[in-house]
Amino acid sequence: MTQLDLIRNFCIVAHIDHGKSTLADRLLEVTHTVGDREMRAQYLDKMDLERERGITIKAQAVRLAYERDTTKYVLNLIDTPGHVDFTYEVSRSLQACEGAVLLVDCAQGIEAQTLANYHLARDAGLTIVPAINKVDLPAAQPDEIAKELADLVGADPEDVLRVSAKSGLGVKALLEAIVDRVPPPEGDANAPLQALVFDSMFDTYRGVIAYVRIFNGELKTRDKVRFMAGKFDVDSEESGVIAPEPTPLPRLGPGEVGYVVTGVKDVHQAKVGDTITHAGRGAAPDPLPGYREPKPMVWSGLFPNEGGDYVALREALDKLRLSDSALVYEPESSTALGFGFRCGFLGLLHMDIVKERLEREFSLELIATAPNVEFHLIDQNGVESVVHNPSEMPNPGTYERCDEPMVMGTIITPAEYLGPIFELCQDRRGEMVDMSYLTPTRAEVHYLLPLAEIVFDFFDQLKSRTRGYASLDYEPYGWEASDLVRVDILLHGEPVDAFSSVVHRSKAYQYGRAMTERLRELIPRQMFEVAIQAAIGAKIIARETVRAQRKDVLAKCYGGDITRKRKLLEQQKKGKERMRRVGKVDVPQEAFIAALTVDSGSPGKGKK
Amino acid sequence: MTGLYVHVPFCLTRCGYCDFNAYAGLDHLRGRYVDALLAEAALWSEAWDGDSFASVFLGGGTPTQLDTPDLVRLLAGLRESFRIEPDAEVTTEANPDTVDAAKLGALRAAGFERISFGAQSFDRTVLASLERVHDPDSVRAAFAAARTAGYHDVNLDLIYGAEGETLASWEGTLAATVALGPEHVSAYALTVESSTPLGRQVAAGERPAPDGDRQAEMFDRACAVLGAAGYEHYEVSNWAKPGHECRHNLNYWRRGDYLGLGAGAHAHRGERRWWNVRPPEQYLETVARGERPIGGFEDLTGEDARLEEVLLRLRTTEGLEASAVDADRAQPFLDEGLLERRQDRYVVTERGMFLANELVLALT
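Written out as structure tokens, the structure is:
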């Protein structure tokens with residue numbers, strides 16, 4: 001057990017790409033937590049996907065040993081997920097800390113996520129240690145950015161640390177500042193155990209491993225513990241700290257950060273935000289505040305590419321669920337795509353990650369329907385029902401009101417792009433809440449927007465209209481009644497459920513046009529004319545036609561041609577067999593994929 | 001029935017669209033090639049002893065690129081190796097520029113009674129686009145010479161849908177054809193084969209691929225014009241005055257037996273299809289060693305045989321035995337008017353012919 005006054009618990013919060021992981025690497029190195037030989041770039045990002053995308057999907061915690069004037073400090077670095085999809089996880093990680101290094105790339109300046117994370121950290125009562133990174137870059141403007149950052153956090157520009165995470169410049173000074181400025185944790189070793197689960201992971205051999213911060217009491221290996229929200233007891237098989245490999249310790253005391261091996265086989269039982277206490281008489285009367293069930297915000301149907309893989313998909317989801325407590329899914333059957341699952345995700349990035357993991361780790365080929373949000377329908381008697389599949393949205397008139405989820409979006413941008421941003425937000429049914437200038441040339445705008453509009457390629461649009469300079473962050477902001485309609489797409493009179501979409505009435509025509517035009521390009525000509533229609537209920541709002549196929553013949557077929565031409569037809573036959581039949585119409589798999597792929601452009605994409 | 005195909009791979013020039021086993025500039029091999037054909041015939045003579053051949057077809061390339069005496073001794077030699085029926089259909093293909101009255105007369109006397117001219121078009125622009133060196137007038141001249149020589153079975157080959165060909169131009173070609181009054185007309189939608197110079201040009205975007213819709217319109221014109229002139233449309237690309245259908249070709253579509261002689265020639269007997277080596281030099285060398293110049297073979301059973309049966313039978317108006325396919329699968333095509341039921345057979349309609357692949361795929 002470590003003395004409270006020798007512990008510092010901190011995290012690094014930053015906008016994507018501002019160098020958080022590189023700084024973490026450097027801290028591990030400077031404190032000799034990781035030897036040079038084991039060092040690999042972005043040590044803490046364990047999943048291949050994380051390292052490839054340069055993002056942190058799951059938080060981790062690592063214990064650093066730092067010695068100053070013969071005093072041995074324990075610094076716990078809690079790495080937070082840096083993405084809007086995981087705001088709740090971020091808040092739990094912040095809860096485990098007393099301080100936060102607010103890191104800003106001084107070639108970029110403050111971005112939307114910088115602000116969002118700063119506000120989260122401040123609201124969590126954390127001491128902020130402002131730092132600017134990449135000071136050695138030619139494009140760096142350390143003085144300007146230091147001032148910008150100092151203004152934001154209400155500090156003196158002198159107090160802003162100047163770091164190059166890449167070269168290690170200023171990293172020692174940063175460690176000093178962490179020890180000096182971040183207050184040590186408080187807690188009572190004699191009180192009943194209260195440990196916050198700020199992350200959990202699933203290990204095939206050891207079951208669920210919970211990452212915890214002890215607030216009160218002591219946790220010993222082999223203690224019988226209780227998950228208070230999960231409402232179950234378990235024997236802790238092992239507990240210890242990550243330094244940076246798991247190192248068992250006999251006991252963890254107040255203020256300490258470590259892990260508990262539970263042996264539980266389902267990560268859903270050890271959810272982020274839960275409180276661990278002792279089972280039985282030693283139990284704490286109350287859990288730590290702030291627990292929340294993970295709530296899916298974005299939905300999409302996942303279908304196996306080749307019909308037969310449904311069982312494989314189910315097994316893969318069941319496995320993935322063990323390590324992803326936010327993933328929810330239920331069986332779905334689509335007339336066009338066959339059997340699959342309707343899955344709920346925390347956000348677009350989470351959706352991309354799940355799909356990519358299914359494809360990569362389980363070798364599945366998937367078709368994902370365009371993402372949509374959840375709708376709440378309220379009937380005449382005030383009874384609410386939830387729809388998260390557009391094809392299940394009833395016709396207007398069968399309900400009194402339809403609510404859709406809203407978000408508060410924060411956009412930070414060079415002032416010259418404000419025009420295009422207003423235009424985009426206007427077009428996306430946004431309502432400006434306020435606007436201010438961070439500097440004379442950089443503005444911060446807040447917009448209230450329907451989440452459904454963000455889900456529909458908003459991020460890509462924002463990037464392309466601002467040459468990549470604007471940044472976006474958003475947080476859930478309640479529900480609002482909206483005039484939404486279901487637009488169906490019909491092929492030869494037959495609705496294709498996978499193409500149904502719920503859109504605002506003012507956009508129904510635009511959506512119908514775009515979709516029918518797109519499909520006209522994608523659907524091969526058939527023996528008969530194929531009408532592609534967009535409809536609201538019984539009313540057709542757009543129509544395109546695929547003209548009938550007029551020629552499909554082998555002009556010549558004589559003695560010398562027969563073998564070759566038979567093989568040609570065999571090829572053609574294989575192509576036909578890969579198509580899905582909707583009513584009378586053969587639709588190639590690629591057409592489904594292309595028509596459904598509205599690039600979500602989640603903010604986590606695109607980083608090398 | 002049994003047919004005999006003889007391949008002559010020599011051409012004056014190579015046309016950009018043609019993917020046949022044909023060569024320009026190998027004329028020096030012609031005499032040896034005829035010797036080899038006769039030697040190959042002798043190698044097969046015993047094996048085909050029990051067959052009597054109801055057709056002989058000289059195709060190419062350009063068979064008339066051979067000298068008249070070579071052609072005469074070739075046919076005579078074949079008669080020595082095989083039993084060729086007295087009333088067999090004996091055809092040679094001919095390039096209008098490689099025949100004159102004397103040659104046509106000599107061939108008629110030697111026993112060739114059917115002649116097939118590669119006319120392709122009566123429009124100079126289209127001929128140029130196809131890289132054909134002959135002139136529409138030389139087709140007329142050759143045709144007249146054939147009549148004078150006593151041929152009562154003349155075919156004209158036509159190609160439509162080449163770059164630069166308009167609907168009006170195609171109608172002109174059809175009118176010119178009808179005016180000559182051949183007994184048989186083959187009209188082919190130009191097909192771009194990837195292995196040809198044209199195929200490479202199309203792939204590189206240097207020339208446009210033929211437009212299927214426009215070819216379909218041209219097909220419709222051909223059906224109308226030739227039908228009105230008394231030709232029966234008996235196969236996807238073939239029309240004939242009643243009684244003048246090409247028996248040799250019908251035998252292919254009925255999956256009959258045939259022997260193929262010459263470089264790259266194909267043969268069929270029972271379940272087996274085989275083919276000779278393609279390069280003329282290799283063909284000559286193999287035959288010179290006293291070996292059959294077989295390049296490959298396949299034995300067709302099960303699904304493959306069924307696909308072939310449907311694919312070939314549906315090409316002609318003789319059609320396919322109804323019991324060979326699932327009635328439920330045929331029904332949509334009957335409804336669409338692309339297929340007809342005639343007693344116990346399914347027959348493609350004229351409209352269905354240009355969509356024959358779709359039918360084949362749906363029915364197998």
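Here the protein sequences come in this chain order: E and G.
Residue numbers for the first sequence follow our numbering, so the first one is 1 and each next one is one higher.
Residue numbers for the second sequence follow our numbering, so the first one is 1 and each next one is one higher.
A virtual CB, placed ideally from N, CA and C, is assigned to each residue, including glycine.
DSSP on residue i, reduced to helix/strand/coil?
| i | result |
| --- | --- |
| E/Cys425 | helix |
| G/Val126 | helix |
| E/Ile55 | With a pLDDT of 46 at E/Ile55, under the threshold of 50, the modelled position of this residue cannot be trusted; read the value that follows with caution. Reduced to three states, the DSSP call for E/Ile55 is coil. |
| G/Asp135 | coil |
| G/Met353 | helix |
| G/Trp48 | coil |
| G/Met218 | helix |
| G/Phe82 | coil |
| E/Pro81 | coil |
| E/Gln141 | coil |
| G/Ala109 | helix |
| E/Ala402 | The amino acid occupying residue 402 of chain E in the given sequence is Cys; Ala does not appear at that position. Three-state result, E/Cys402: strand. |
| E/Cys557 | coil |
| E/His504 | strand |
| E/Gln589 | helix |
| E/Arg292 | coil |
Rounded to whole angstroms, how far is the Cβ of residue i from the Cβ of residue j, which I believe are closer than 8 Å?
| i | j | result |
| --- | --- | --- |
| G/Gly61 | G/Pro96 | Not quite, the Cβ-Cβ distance comes to about 15 Å (not below 8 Å), so this is no contact. |
| E/Val387 | E/Met393 | 5 Å |
| E/Ala548 | E/Glu529 | 5 Å |
| E/Phe422 | E/Ile367 | Rounded, the Cβ-Cβ distance is 36 Å, inconsistent with contact. |
| G/Thr91 | G/Thr64 | About 12 Å separates the two Cβ atoms, so there is no contact after all. |
Between residue i and chain B, is the shortest Cβ-Cβ distance under 8 Å, so that the two count as touching?
| i | result |
| --- | --- |
| G/Leu307 | This model lacks chain B altogether; the protein chains it does include are E and G. |
Tell me, please, whether the CB atom of residue i is closer than 8 Å to any CB atom in chain E?
| i | result |
| --- | --- |
| G/Asn357 | yes |
| G/Val6 | no |
| G/Asn249 | yes |
| G/Arg273 | yes |
| G/Arg315 | yes |
| G/Glu163 | no |
| G/Leu363 | no |
Counting contacts by CB-CB distance shorter than 8 Å, is residue i in contact with chain G?
| i | result |
| --- | --- |
| E/Phe592 | no |
| E/Asp586 | no |
| E/Gly301 | no |
| E/Ile55 | Legend: pLDDT at E/Ile55 = 46, less than 50; position of this residue unreliable, value from coordinates given subsequently. So no, E/Ile55 is outside the interface. |
| E/Gly560 | yes |
| E/Phe375 | no |
| E/Ala59 | Annotation note: pLDDT 47 at E/Ala59 (below 50); position unreliable, no value reported. |
| E/Val553 | yes |
| E/Gln572 | yes |
| E/Leu569 | yes |
Which residue comes first and which comes last in the beta strand (DSSP E) that contains residue i?
| i | result |
| --- | --- |
| E/Asn395 | That residue, E/Asn395, is in no beta strand (DSSP E); it is neither H nor E in DSSP. |
| E/Pro304 | Val298 to Pro304 |
| E/Pro331 | Val328 to Ser334 |
| G/Glu281 | Note, G/Glu281: premise wrong, no beta strand (DSSP E); alpha helix (DSSP H) at Pro280 to Ala288. |
| E/Val171 | Where E/Val171 is concerned, there is no enclosing beta strand (DSSP E), although the alpha helix (DSSP H) it sits in stretches over Val171 to Arg181. |
| E/Thr221 | Counting along the chain, E/Thr221 falls outside any beta strand (DSSP E), and DSSP gives it neither H nor E. |
| E/Asp352 | That residue, E/Asp352, is in no beta strand (DSSP E); its alpha helix (DSSP H) goes Leu348 to Glu361. |
| G/Val400 | As shown, chain G starts at 1 and ends at 364. That puts residue 400 of chain G outside it, with no answer to give. |
Just reading off the alpha helix (DSSP H) that residue i is part of, what are its end residues?
| i | result |
| --- | --- |
| E/Ser323 | Tyr310 to Ser323 |
| G/Asp328 | Ala327 to Glu336 |
| E/Thr22 | Lys20 to Val30 |
Can you name the residues that DSSP bridges to residue i?
| i | result |
| --- | --- |
| E/Asp483 | For E/Asp483, which the question treats as bridged, DSSP gives no partner whatsoever. |
| G/Thr316 | G/Glu235 |
| E/Gly478 | In the DSSP output, where bridge partners are listed per residue, E/Gly478 has none listed. |
| E/Ser200 | E/Ala210 |
| E/Cys106 | None, per the DSSP bridge assignment. |
| E/Val530 | E/Val546 |
| G/Trp275 | G/His266 and G/Gly296 |
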